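Student: Quick note, the sequences are listed as chains A and B, same order.
Numbers in the working numbering are just positions in the first sequence, counted from 1, shifted up by 10.
Numbers in the working numbering are just positions in the second sequence, counted from 1, shifted up by 1246.
Take this structure, written in structure tokens, and hold onto it; I'll ask about it next.
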Amino acid sequence: MAEYKRPTTKAEFDKNFKQKKPLMNDTEAYYEASRCLFCYDAPCVQACPTHIDIPLFIKQIHTDNVTGASKTIFDSNWLGNACGVVCPTGVLCEGACVYNHQDVPPIQIGRLQNYATNKTIDANKTLFKVGASNGKKIAVIGAGPAGLACACEARTLGYEVDLFEAKDKPSGLTVHGIAPYKITNEEVLKEVEYLQNQLGFNIKYNTAIDSKDELTMLETNYDAIFIGVGLGATRHLGLEGEDKKGVVGAVEFIEELRMKHHNTKVPAKVVVIGGGNTAMDAASEAARMGARKTVLAYRNSKENMGAYGFEYDLAISAGVDSLFNVTPIGIVGNGHVEGVKFAKTELVEGKLQTNMNNTFIVRCDMVIKATGQAKQGHLYDLIDDLDIDKKTRIKINSEFQTSNAKYFAGGDAVNGGAEVVNAAYDGKMAAQGIHNWLNK
Amino acid sequence: MVDLSINFAGIKAPNPFWLASAPPTNSGYQIMKAFEAGWGGAVWKTLGVPVVNVSSRYGSVNYRNTRMMGFNNIELITDRPLADNLREIEEVKKYFPDHAVIASLMVESRAEWEQIIKDVENAGADGIELNFGCPHGMCERGMGSAVGQEPEVLKTIVGWVKEAAKIPVITKLSPNISHITDPGLAAVQGGTDSISLINTIKSIVGIDLDSYAPYPIVDGKGTNGGYCGPAVKPIAMHMLKDLAQHPEIGKVPLSGIGGIETWRDVVEFILLGATSVQVCTAVMHYGFGIVREMEAGLRQFMEDKGYNTIYDFAGKALPNVTEWKHLNLKHKVVAEINADKCIGCDLCYIACDDGAHQAIALSDDPVNRIPSIIEENCVGCNLCSLVCPVEDCITMVKKDDGTQHITWNERTLNDDIPVTFDDDRAGGKGHFVPKPTDALKNER
Ligand SMILES: Cc1cc2nc3c(=O)[nH]c(=O)nc-3n(C[C@H](O)[C@H](O)[C@H](O)COP(=O)(O)OP(=O)(O)OC[C@H]3O[C@@H](n4cnc5c(N)ncnc54)[C@H](O)[C@@H]3O)c2cc1C
Ligand SMILES: Cc1cc2nc3c(=O)[nH]c(=O)nc-3n(C[C@H](O)[C@H](O)[C@H](O)COP(=O)(O)O)c2cc1C
Ligand code: SF4
Ligand code: SF4
Ligand code: SF4
């Protein structure tokens, strides 16, 4: 079990948050590329949500056509560089690699991908041209992965694109939410800058679109609008004492960590509530920030956790303890949190039931709620005729068009929370959907 | 703007990537699939006299984790009826009028040649390739490499064909010969419009250690096969260069064949004078899709170098492939180890100590095993840099200042041929060679 010293400098922070998928060197890339079998109709390609032609780009790396490899990658996925390191490759491309059937480690597709795109970005090689201007304009709400992918694709099709972003940085949760041991802020931002230099889309920062007037302005000035606003803040649990100091949402905690690094305050004892990937990340991160004790508490059993097994293992290896079949029933403390009161849960006739006769308190100085993000319903309510489903996800057709023909949507706002790669795919396809619609 | 289209001796194609006459071009189905995938031309599997094939036809040499590094076959020419092939040629041309469809032919008598040429011309073939290369089976019947090895016979047949044919003629040469320029010149003198090479090389790829028969084994026996695939590329490139540099043969367009798999191979063949390339084994291994990597790579190369067509750089390496006697004897390189990259495998040490010039010393430090170059002893042979498993760890660094230049040819002309062993870089003068007994670990 790893014990992390509290980081006090950027260097110590970087050490505790060492990259899980470090950049490959030339030798490693050469040998790894030479292992690829170049399968026909390769299962890895089928497993990639953006269908990157993986054997092709691996062969291009092997024949020293790294620029060509990057072109192959970006052709399918505008955030190919970030995806190489942030994608859960074990359940996507690498999980599908045929080597798994021979008990041979699969090809490290993600790292090879990142190797190629990194070289191309660092050399600032121009791969794409802006399409001949067609005089039409697209507004994109939210400069996260979905919005950026939509912008890039739309630029190659000849549209003017303005992105409206609430925050002061591009790329959404890739820079604000993903665990720092997966990707650094610099790496995220350099990819966006590289794309922006080539494709010239405009991003208006600190410009949240959250009023009817602003929406009307977009509707009048643009031919189509793409909604890529992702999800919102951590959902309120409605627990007694939830407003005490030291009770924070996971997304907010992680965002602070991504922005302030070692200057983020993490006390000695931390309880993380939840059983999804965000809970695993938050627990890992608290432990890496030097919390002496980090406890993951999940209301169901280990088998029923939503998180990937490897994310749980990563948290455990960082020194996190876990409690299963417990549900929080209140936060105790005097102004500041001092502990969480839990009740045991059990399965009764297939249904999870809380046993209020079996309760206990776990002492802590901080509670991180990783129990899901709220949807951006307040914004959707302002858009005329916008259909949303029961879970407040925007409904779209196969062209990524919403029930209000002028609006298209993709990413977390549509799928309810998936991966960067899904958002990148959606954004690209939505731009094509807009193009098809405007050229009908 | 990069334009990959070619005009090869009058045969036009959207790009220089052609399929060689072989199993991938056995049928209209395969060729249409290939054209859809991006190939610019195809040489139809050789048409000719009726044949029968054996079952168990291919063998291969696997090198470490690389399968089919070398490949051999004992297959004959097409075993599908001529009428079927002709009908399919016509159909392919209907769907792909701008792609090159070339009929490979192999028959015996003059009358047979004249008839089959008429047949493929009527079917709409864009050109003819004469198969004088098949080194198994067909040669036992006096065709294929049996012709390719007899320049006079080859010249006569090319003459017959040229008299009969209205479409361009490519003569495909066999590498199973001492001087490729002999059949090359015969083909040109016979009037061929162009030459392609190489066909396969006579080979035995392995012997089964239980049945004592060579692969591929046909009921306990085997025969020599035709060798191809990545292993034959160096031989093919050398023969291509010999033809391209020849004052007469070099005037006809050359189609390069042998071990081509990636864009790099393609560029290398073009740099040695080929203006179309043909591929067989790599397609048999991976399918037609490999052309995408070739095309993307070739385009990238041409964009990076500022070339518009392949003719802008075709043959560009030829002036630099010269005879040994024209190499600068004053050029000096010495190996240099990048200590930051070295992983201490000491392969360079043992390669140099046992296999070269005793110019690498082991480290005294058992933990840090980084060896060092003994500069006085290094002759600049490259061996260590070739065995080193780390990319760019051993580099060969130029040590001469570039001001001096003398070749063996110039020394001969200056009457300066050495009468003693006076080379600074050889054992005995500047270069230290250990005593033979230094090799002994035990008293003897
Ligand atoms: C903790 C955590 C860890 C994750 N880890 C991974 C991982 O390892 N790998 C992975 O692939 N995925 C991971 N994900 C998921 C991934 O980050 C998301 O799926 C992806 O970022 C979704 O992209 P998006 O563009 O749909 O939304 P977002 O990334 O959320 O971007 C939306 C953007 O819109 C802006 N915005 C919102 N509302 C407005 C408005 N009204 N006006 C203007 N702008 C607005 C936001 O500021 C933001 O920049 C993680 C998510 C979380 C929460
Ligand atoms: C199975 C097999 C069958 C072949 N048949 C023919 C043939 O019918 N006619 C011909 O001219 N060459 C034939 N060849 C030779 C190829 O066209 C080509 O010249 C050779 O394989 C070298 O190219 P490669 O290294 O790309 O395979 C054959 C090769 C193979 C492997
Ligand atoms: S499945 Fe694995 S071996 Fe096959 S092409 Fe994909 S990465 Fe290569
Ligand atoms: S490759 Fe096809 S024809 Fe050849 S042995 Fe296998 S199945 Fe039979
Ligand atoms: S071969 Fe390369 S890596 Fe190995 S010891 Fe020599 S220099 Fe080092």
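Backbone N, C-alpha and C fix where the C-beta goes; we use that ideal spot for every residue, glycine too.
Predicted model only: the values in this text are computed from it and were never measured.
From which residue to which residue does the alpha helix (DSSP H) around GLN1435 of chain B run?
Tutor: The residue you call residue 1435 of chain B lines up with position 189 of the second sequence. Where GLN1435 of chain B is concerned, the enclosing alpha helix (DSSP H) stretches over 1427-1435.
Student: Going by other Cβ atoms of all chains shown within 10 Å of its Cβ, with 16 needed for buried, is LYS15 of chain A buried or exposed?
Tutor: The residue labelled residue 15 of chain A in the question sits at position 5 within the first sequence. It counts as exposed.
Student: Let me know the secondary structure DSSP gives ASP331 of chain A once reduced to three states.
Tutor: Within the first sequence, the letter at position 321 stands for residue 331 of chain A. Strand at ASP331 of chain A.
Student: Give me whichever residues DSSP pairs with ILE341 of chain A in a beta bridge.
Tutor: As a working note, residue 341 of chain A is residue 331 in the first sequence. Its beta-bridge partners are A:VAL350.
Student: Is the beta carbon of ALA1346 of chain B less than 8 Å from the beta carbon of TRP1264 of chain B?
Tutor: The residue labelled residue 1346 of chain B in the question sits at position 100 within the second sequence. The residue labelled residue 1264 of chain B in the question sits at position 18 within the second sequence. Yes; because the gap between Cβ atoms is below 8 Å, this pair is in contact.
Student: Is TYR390 of chain A helix, strand or coil by DSSP?
Tutor: Position 380 of the first sequence, counted from the first residue, corresponds to residue 390 of chain A. Looking at TYR390 of chain A - three-state DSSP - the assignment turns out to be helix.
Student: Compile a chain-ordered list of the residues in the segment 1506-1532 of chain B whose CB is closer than 7 Å to at least one CB of chain A.
Tutor: Here the close residues are THR1508, TRP1509, ARG1510 and TYR1532.
Student: Run through DSSP, which three-state label would ASN287 of chain A get?
Tutor: To locate residue 287 of chain A, count along the first sequence from 1; it is residue 277. Of the three classes helix, strand and coil, the one that applies to ASN287 of chain A here is helix, per DSSP.
Student: Quick one: is TYR1595 of chain B buried, meaning 16 or more other Cβ sit within 10 Å of its Cβ, or exposed?
Tutor: Taking the second sequence and counting its residues from 1, one reaches residue 1595 of chain B at position 349. Flag for TYR1595 of chain B reads buried.
Student: Which residues in chain A sit within 7 Å of VAL1633 of chain B, going by Cβ to Cβ distance?
Tutor: Start at 1 with the first residue of the second sequence, and residue 1633 of chain B comes out as number 387. In chain order: nothing, as chain A lies at least about 14 Å away.
Student: Identify every run of the alpha helix (DSSP H) within the segment 191-218 of chain A, keeping only runs that are complete inside it and at least 4 residues long; order them along the chain.
Tutor: Listed in chain order, the complete alpha helix (DSSP H) runs (minimum 4 residues) inside the segment 191-218 of chain A are 195-209.
Student: Quick one: which residues of the segment 1538-1551 of chain B get their C-beta closer than 7 Å to a C-beta of chain A? List them in chain order.
Tutor: For the segment 1538-1551 of chain B, which is checked against every Cβ of chain A, the residues closer than 7 Å are ARG1538, GLU1539, ALA1542, GLY1543 and GLN1546.
Student: With a threshold of 7 Å (Cβ to nearest heavy atom), would ILE119 of chain A be considered close to ligand 3?
Tutor: Locating residue 119 of chain A in the first sequence gives position 109, counting from the first residue. Yes, since a heavy atom of ligand 3 falls inside the 7 Å radius drawn around the Cβ of ILE119 of chain A.
Student: Nearest-angstrom Cα distance between LYS139 of chain A and GLN208 of chain A?
Tutor: Residue 139 of chain A sits at position 129 when you count from the first residue of the first sequence. Residue 208 of chain A sits at position 198 when you count from the first residue of the first sequence. Looking at the two C-alpha atoms, the distance is approximately 7 Å.
Student: Would you say ASN407 of chain A touches ligand 2, meaning its beta carbon is less than 7 Å from a heavy atom?
Tutor: Numbered from its first residue, the first sequence carries residue 407 of chain A at position 397. No, ligand 2 has no heavy atom inside 7 Å of this Cβ.
Student: Could you check whether the Cβ of VAL1434 of chain B sits closer than 8 Å to any Cβ belonging to chain A?
Tutor: Translated into the one-based positions of the second sequence, residue 1434 of chain B becomes position 188. Cβ-Cβ to chain A under 8 Å: no for VAL1434 of chain B.
Student: Pull up the distance between the alpha-carbon of MET11 of chain A and that of HIS272 of chain A, whole angstroms please.
Tutor: Translated into the one-based positions of the first sequence, residue 11 of chain A becomes position 1. Translated into the one-based positions of the first sequence, residue 272 of chain A becomes position 262. Note that MET11 of chain A scores a pLDDT of 48, beneath 50, so its modelled location is shaky; the value from the coordinates is reported in the next line. Cα-Cα distance, rounded: 22 Å.
Student: Tell me whether PHE236 of chain A counts as near ligand 1, meaning its Cβ is closer than 7 Å to at least one heavy atom of that ligand.
Tutor: Reading the first sequence from its first residue, position 226 is the one you call residue 236 of chain A. False, no ligand heavy atom lies under 7 Å from that Cβ.
Student: May I ask you to report which of helix, strand or coil DSSP gives CYS162 of chain A?
Tutor: Numbered from its first residue, the first sequence carries residue 162 of chain A at position 152. Correct three-state label for CYS162 of chain A: helix.
Student: On a Cα-Cα basis, can you pick out the residue from A:PHE334, A:PRO59 and A:THR369 that is closest to LYS351 of chain A?
Tutor: One-based indexing of the first sequence puts residue 351 of chain A at position 341. Per the Cα distances, A:THR369.
Student: Would you say GLY1590 of chain B touches ligand 5, meaning its beta carbon is less than 7 Å from a heavy atom?
Tutor: Here the question's residue 1590 of chain B lines up with position 344 in the second sequence. Yes, the Cβ of GLY1590 of chain B comes within 7 Å of a heavy atom of ligand 5.
Student: Buried or exposed, going by whether 16 or more other CB atoms sit within 10 Å of the CB of TRP88 of chain A?
Tutor: In the first sequence, the residue the question calls residue 88 of chain A occupies position 78. Classification for TRP88 of chain A: buried.
Student: For THR1324 of chain B, which residues of its own chain have a beta-carbon under 7 Å away from its beta-carbon, when the five flanking residues on both sides are left out?
Tutor: As a position in the second sequence, residue 1324 of chain B is number 78, starting the count at 1. If we look at THR1324 of chain B and ignore the five residues flanking it on each side, its Cβ neighbours are ASN1272, LYS1291, THR1292, LEU1293 and ASN1331.
Student: Looking at C-alpha atoms only, which residue of A:ALA164, A:GLN112 and A:LYS275 is the closest neighbour of GLN206 of chain A?
Tutor: Start at 1 with the first residue of the first sequence, and residue 206 of chain A comes out as number 196. When each option's Cα is compared against that of GLN206 of chain A, the closest is A:ALA164.
Student: Less than 8 Å between the CB atoms is what I'm expecting for ILE1441 of chain B and ALA1433 of chain B, so what's the real figure, rounded?
Tutor: Position 195 of the second sequence, counted from the first residue, corresponds to residue 1441 of chain B. Position 187 of the second sequence, counted from the first residue, corresponds to residue 1433 of chain B. Right, their Cβ atoms sit about 6 Å apart.
Student: In chain B, which residues lie with their C-beta within 8 Å of the C-beta of GLN70 of chain A?
Tutor: Translated into the one-based positions of the first sequence, residue 70 of chain A becomes position 60. Within 8 Å Cβ-Cβ: GLU1539, ALA1542 and GLY1543.
Student: For a contact meaning CB atoms closer than 9 Å, what does ASN1311 of chain B contact in chain A?
Tutor: Indexing the second sequence from 1 puts residue 1311 of chain B at position 65. SER44 and ARG45, listed in chain order.
Student: Could you list which residues in chain B have their beta carbon closer than 7 Å to that of LEU66 of chain A, in chain order?
Tutor: Locating residue 66 of chain A in the first sequence gives position 56, counting from the first residue. The answer, in chain order, is ARG1538 and GLU1539.
Student: Do we get a CB-CB distance below 8 Å when we pair ASP1638 of chain B with the residues of chain A?
Tutor: Indexing the second sequence from 1 puts residue 1638 of chain B at position 392. For ASP1638 of chain B, the answer is yes, since a Cβ of chain A falls inside 8 Å of its Cβ.
Student: Specify whether the segment 336-353 of chain A and the segment 230-238 of chain A touch according to this definition: at least 3 beta carbon pairs, one from each stretch, less than 8 Å apart.
Tutor: The segment 336-353 of chain A, when compared against the segment 230-238 of chain A, does not touch it at the 8 Å Cβ threshold.
Student: Count the CB pairs spanning the segment 1312-1324 of chain B and the segment 1461-1475 of chain B that are closer than 8 Å, and state whether there are at least three.
Tutor: Yes, the segment 1312-1324 of chain B is in contact with the segment 1461-1475 of chain B.
Student: Beta carbon of VAL140 of chain A: closer than 7 Å to some heavy atom of ligand 5?
Tutor: The residue given as residue 140 of chain A occupies position 130 in the first sequence. Every heavy atom of ligand 5 is 7 Å or more from the Cβ of VAL140 of chain A, so no.
Student: Comparing the CB of TYR125 of chain A with every heavy atom of ligand 3, is any distance shorter than 7 Å?
Tutor: Within the first sequence, the letter at position 115 stands for residue 125 of chain A. Not under cutoff, so the answer is no.
Student: Along the segment 117-129 of chain A, what residues have a CB closer than 9 Å to any CB found in chain C?
Tutor: Absent here is chain C; the protein component of the structure consists of chains A and B.
Student: Between ASP394 of chain A and chain B, is any beta-carbon pair separated by less than 8 Å?
Tutor: Residue numbering aside, residue 394 of chain A sits at position 384 when the first sequence is read from its first letter. By this cut-off, ASP394 of chain A is not an interface position.
Student: Which residue's Cα is closest to the Cα of ALA43 of chain A: A:GLN70, A:CYS49, A:CYS58 and A:ASP51?
Tutor: Translated into the one-based positions of the first sequence, residue 43 of chain A becomes position 33. Residue A:GLN70 is the option with its Cα nearest to ALA43 of chain A.
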